[in-house]
Every structure is written in structure tokens, then in C-alpha cells.
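Novice: After the C-alpha cells below, expect a handful of questions from me.
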Amino acid sequence: MAPKHSSGWTRGTTPRGIAAVLAVLVSVFAGTACRVRPDREVASHAAWRAARAKSIGGPDGWAALAGLHWLAEGPQTIGTNPTCNLRLPAGSAPGLVGTLTRTGPRVGFEAAQGVEVQLRGVRIGRIDLKSDAGGTPDELSVGRIRFWLLERGDRRAVRVRDPESPERQAFRGIRTHPFDPHWVIPARFQPAVPPRRVRIDDVTGGAAWETVAGTLVFEIRGQPCRLDALEDREEKDLWILFGDATSGRTTYGAGRFLHVPMPGSDGRISIDFNRAYNPPCAFTPFATCPIPPRESWLRVAIPAGEMAPARHP
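905 is the number that the numbering used here gives the last residue of the sequence shown; the numbers go up by one with no jumps.
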């Protein structure tokens, strides 16, 4: 899965069903046809799980992150040498890679003499770095390391990726509940008119403002539930941050994420909790994950979707 714009958040997709069996078919054909939808949904879910595993454990995945360094004003050195302000993993790059200089919102980088640092395959000397705020940051490579600039409000940080990171080497897949069609829940979408802005805190102590497109209204085991749905303009769908009674027990303690398609004209929508997934911070300490707001913590248990990584009881 791709990271979500400037906040480094991941996305999912929701499977679509196929036509139901016509009532006029004889029972043997009906029994065969009724298996088509679950089989197709199970296959779609398996493909989604494989993509999720790659997005975490692949060489460009979240588990390959090896550093998150918040920048102060002025010059800061980066390299593997213990004297560097931003220290890279031992053996991954030269002792001194270069110098990052922050001047207010701007951050420049200058390579150390004799060190080859590349941007998109081209050697660079000095550059004003483009952050991830616009979607695609300037990603510099040296040795086996890649690093780039993050922008979080008025804060700036350098994120480092190392395909030999301990988290990636220890990654053994994502624990998940088996697919269960009963956790595809019908819901009604109540649009926010006008859409409202909400503050979403993150695990680093920062915050961002997101747009609430509306509220999903549904029931689980007869209990009324409501979840705010954020507008995701990149994915053109709705993005949900939520916690439930399994959070911190069998699922990740800081909540999970979920994407659902935009509703039809009648406001009806399906929430596939089988696609509930862990935020990146479940797999790496170098993510800047948002935390579900208080209103998005459900009292009911949702034993569906991804479970907590093994190291998180």
C-alpha cells in the first residue's frame, strides 16, 4: 500500500460483491452460485493481504524505516559517525554524508566532499530539499540508505530507510483474523453539511487538520454505532480511524484504519471490517501515525481484520 500524502498514512481498498442468485434457480444451482461471492471475496481479500504484507515487509515498506530525525534550526551533520547530529545505522553509509541546514521552513542539503549522494540517479552537491507535503519528496540515496524530508505543520524531520533494518529482518507477516463475510456491515452515510475540519493528533505529539465528509451509521449485534469518515482526495474514498473493545488486547492499542468507497446516491454503504488494518507505527517507531479521536472509539468488539503484531500483546 502506498503512504498517504504528507502524513505518511497508508490506505486500503474495499472488495465489491457480485450479483445474488436468482430465486427461480433450482436449489443445486442456487447452492453453487451462492458460493461464488464468498469465494471471490476470499480471493480478493487474500490478494489485499499479500499487498499489505509487501507494503510493510518489502524493501520499500514501513518495516525498512531506520530513523526519524527532527530538525532544529541551523546546520546538522548526517552520517554513520557517532559525532554526527543525525546518525545513520553503522555500516550503511559514509561516516559523514553531508550537512542539512534548516532556515525556517526551508531545508538545504550539502554533500560532504568526495561523497556521492544521488537524487533520482543523478549525483548532487547542494540542493534545497522538497518535502513530502506535495506528495513526492526529494529522496536522496547514499550507500544502502535513502532519506528524505518530512513536513508536519511547522516541524521538519528527516526519515531514513534501510532495507537491512532490524524491524524488516524480524518481520514475519501480519497476523490477521480469517475473512468473515459477516463483518461486511451495511451502513448509512450522513454527509456533513458543510464538511467540518477536525484536529487529529499523532503519536509524535503533533497534529493535523482533516476534513470530515460525514458519519457512518450502523449496528453491530444490535448496538447503534457511529464513525466519522474523513475525506481522502487522493484515493477518492472515505478514510476511517477507529478503536474498539479489542484495541490493546488482540488488536493494536492505538486503533486501526479502514477505507470504504464513496456512498451511492441513496446514502447506502458497506463497511468491510475484514480490511481494518494497523497503522504503520504498529511496525516501526519511525512513523508519524494519527490517533483516532475520542469520538471514534467504539464500545463493541470487532474481531476482524488485522491483529496486533506479536510484539504488541
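Beta carbons: idealized from backbone N, C-alpha and C, even for Gly.
Going by DSSP, name the residue or residues bridged to ALA800.
Specialist: Your numbering for residue 800 matches position 208 in the sequence shown. Answer is ILE792.
Novice: Once the 5 residues before and after ARG736 are set aside, which same chain residues still bring their CB inside 6 Å of it?
Specialist: Locating residue 736 in the sequence shown gives position 144, counting from the first residue. Here the set comprises SER684.
Novice: State yes or no: is the C-beta of THR838 within less than 7 Å of the C-beta of ALA874?
Specialist: Position 246 of the sequence shown, counting from 1, holds the residue named residue 838. Position 282 of the sequence shown, counting from 1, holds the residue named residue 874. Their beta carbons are not under 7 Å apart, which means THR838 does not touch ALA874 by this criterion.
Novice: My understanding is that PHE834 touches SER757, with C-beta atoms under 8 Å, so please give their C-beta distance in whole angstroms.
Specialist: Translated into positions along the sequence shown, residue 834 becomes position 242. Translated into positions along the sequence shown, residue 757 becomes position 165. With 8 Å as the limit, PHE834 and SER757 do not qualify as a contact, their Cβ atoms being about 29 Å apart.
Novice: Below 6 Å, is the gap between the Cβ of VAL795 and the nearest heavy atom of the ligand COA?
Specialist: The ligand COA is not part of the structure shown, which contains no ligands of any sort.
Novice: May I ask which residues mark the beginning and end of the beta strand (DSSP E) holding PRO667?
Specialist: Position 75 of the sequence shown, counting from 1, holds the residue named residue 667. Looking at the DSSP string, the run of the beta strand (DSSP E) that includes PRO667 is 666-671.
Novice: Could you tell me how far apart the beta carbons of HIS769 and MET899 are, in whole angstroms, since I believe they sit closer than 8 Å?
Specialist: Residue mapping note: residue 769 aligns to position 177 of the sequence shown, counting from 1. Residue mapping note: residue 899 aligns to position 307 of the sequence shown, counting from 1. Contact flag correct, Cβ pair sits at about 6 Å.
Novice: Can you round the beta-carbon distance between PRO787 and ALA805 to whole angstroms, since I take them to be within the 8 Å contact cut?
Specialist: Residue mapping note: residue 787 aligns to position 195 of the sequence shown, counting from 1. Residue mapping note: residue 805 aligns to position 213 of the sequence shown, counting from 1. Contact holds; Cβ gap of about 6 Å.
Novice: If you reduce the DSSP assignment to three classes, tell me which class VAL892 lands in.
Specialist: On the sequence shown, residue 892 is found 300 positions in, with the first residue counted as 1. VAL892 falls in the coil class under three-state DSSP.
Novice: Grab the span of the beta strand (DSSP E) containing ARG748 for me, first residue to last.
Specialist: Taking the sequence shown and counting its residues from 1, the one referred to as residue 748 is at position 156. Where ARG748 is concerned, the enclosing beta strand (DSSP E) stretches over 747-753.
Novice: Below 8 Å on the Cβ atoms is my contact criterion, and I expect PRO681 with GLY671 to pass it. Report the Cβ-Cβ distance as a whole number of Å.
Specialist: Residue mapping note: residue 681 aligns to position 89 of the sequence shown, counting from 1. Residue mapping note: residue 671 aligns to position 79 of the sequence shown, counting from 1. Going by Cβ atoms, the distance from PRO681 to GLY671 rounds to 11 Å, so no, they are not a contact pair.
Novice: Can you give the Cα-Cα distance for ILE863 and PRO855, rounded to whole angstroms?
Specialist: Locating residue 863 in the sequence shown gives position 271, where the first residue counts as 1. Locating residue 855 in the sequence shown gives position 263, where the first residue counts as 1. Their backbone Cα atoms lie some 11 Å apart in a straight line.
Novice: Quick check on the DSSP output: the alpha helix (DSSP H) that includes GLN761 runs from which residue to which?
Specialist: Working through the sequence shown from its first residue, we reach residue 761 at position 169. Unbroken alpha helix (DSSP H) run through GLN761: 758-762.
Novice: Which stretch, first to last residue, makes up the beta strand (DSSP E) that contains TRP775?
Specialist: Position 183 of the sequence shown, counted from the start, is the residue given in the question as residue 775. No beta strand (DSSP E) contains TRP775, which DSSP labels as neither H nor E.
Novice: Report back the beta-carbon spacing between ARG780 and ARG867 to the nearest angstrom; my notes put them in contact at under 8 Å.
Specialist: One-based indexing of the sequence shown puts residue 780 at position 188. One-based indexing of the sequence shown puts residue 867 at position 275. Wrong, their Cβ atoms sit about 19 Å apart, outside the cutoff.
Novice: Alpha carbon to alpha carbon, how far is PRO895 from ARG751?
Specialist: Here residue 895 refers to the residue found at position 303 when the sequence shown is read from its first residue. Here residue 751 refers to the residue found at position 159 when the sequence shown is read from its first residue. Computed Cα separation, rounded: 33 Å.
Novice: Taking DSSP as the reference, what is the three-state secondary structure of CYS873?
Specialist: As a working mapping, residue 873 is identified with position 281 in the sequence shown. Three-state result, CYS873: helix.
Novice: Identify, in the order they occur along the chain, each residue of the same chain with its Cβ nearer than 6 Å to the Cβ of PHE771, setting aside the five sequence neighbours on each side.
Specialist: If you number the sequence shown from 1, residue 771 lands on position 179. Here the set comprises VAL634, HIS637 and ASN866.
Novice: With 16 as the cutoff for other CB atoms within 10 Å, does TRP740 come out buried or exposed?
Specialist: What you label residue 740 is simply residue 148 of the sequence shown in a count that begins at 1. By the 10 Å Cβ count, TRP740 comes out buried.
Novice: How about GLU702 and ARG718: are their beta carbons less than 7 Å apart?
Specialist: Locating residue 702 in the sequence shown gives position 110, counting from the first residue. Locating residue 718 in the sequence shown gives position 126, counting from the first residue. Their beta carbons are under 7 Å apart, which means GLU702 touches ARG718 by this criterion.
Novice: Please classify TRP662 as buried or exposed, where buried requires at least 16 other C-beta atoms within 10 Å of its C-beta.
Specialist: Along the sequence shown, one-based indexing puts residue 662 at 70. TRP662 should be labelled exposed.
Novice: With distances taken from CA atoms, which of GLU708, GLU731, GLU759 and TYR844 is nearest PRO877?
Specialist: Taking the first residue of the sequence shown as 1, we reach residue 877 at position 285. The candidate whose alpha carbon is nearest that of PRO877 is GLU759.
Novice: To which residues of the same chain is THR796 closer than 7 Å at the C-beta, ignoring the five residues directly before and after it?
Specialist: As a first step, residue 796 is located in the sequence shown; it is residue number 204 there, counting from the start. Correct list, in chain order: THR880.
Novice: Taking the alpha carbon of PRO871 as the reference point, which residue from ASP631, GLY653 and ALA639 has its own alpha carbon closest?
Specialist: Within the sequence shown, the letter at position 279 stands for residue 871. When only C-alpha atoms are compared, the closest one is GLY653.
Novice: Excluding the 5 residues preceding and the 5 following LEU890 in the sequence, name in chain order all residues of the same chain whose CB lies nearer than 6 Å to its CB.
Specialist: Taking the sequence shown and counting its residues from 1, one reaches residue 890 at position 298. If we look at LEU890 and ignore the five residues flanking it on each side, its Cβ neighbours are CYS817 and ASP836.
Novice: Cutting at 7 Å between CB atoms, please list the residues of its own chain near PRO755, excluding the five before and the five after it.
Specialist: Taking the first residue of the sequence shown as 1, we reach residue 755 at position 163. Closer than 7 Å at the Cβ level, and outside the excluded window around PRO755, lie PRO651, ALA656 and ARG736.
Novice: Going by DSSP, what residues sit across from CYS817 in a beta bridge?
Specialist: Stepping through the sequence shown from its first residue, residue 817 is reached at position 225. Partner(s): PHE810.
Novice: In angstroms with no decimal places, state the Cα-to-Cα distance between ARG641 and ASP824.
Specialist: Taking the sequence shown and counting its residues from 1, the one referred to as residue 641 is at position 49. Taking the sequence shown and counting its residues from 1, the one referred to as residue 824 is at position 232. Near 21 Å, if we compare the C-alpha coordinates of ASP824 and ARG641.
Novice: Under 7 Å, do ALA704 and GLY727 count as touching if we go by C-beta distance?
Specialist: Reading the sequence shown from its first residue, position 112 is the one you call residue 704. Reading the sequence shown from its first residue, position 135 is the one you call residue 727. Taking 7 Å as the Cβ cut-off, ALA704 and GLY727 do not qualify as a contacting pair.
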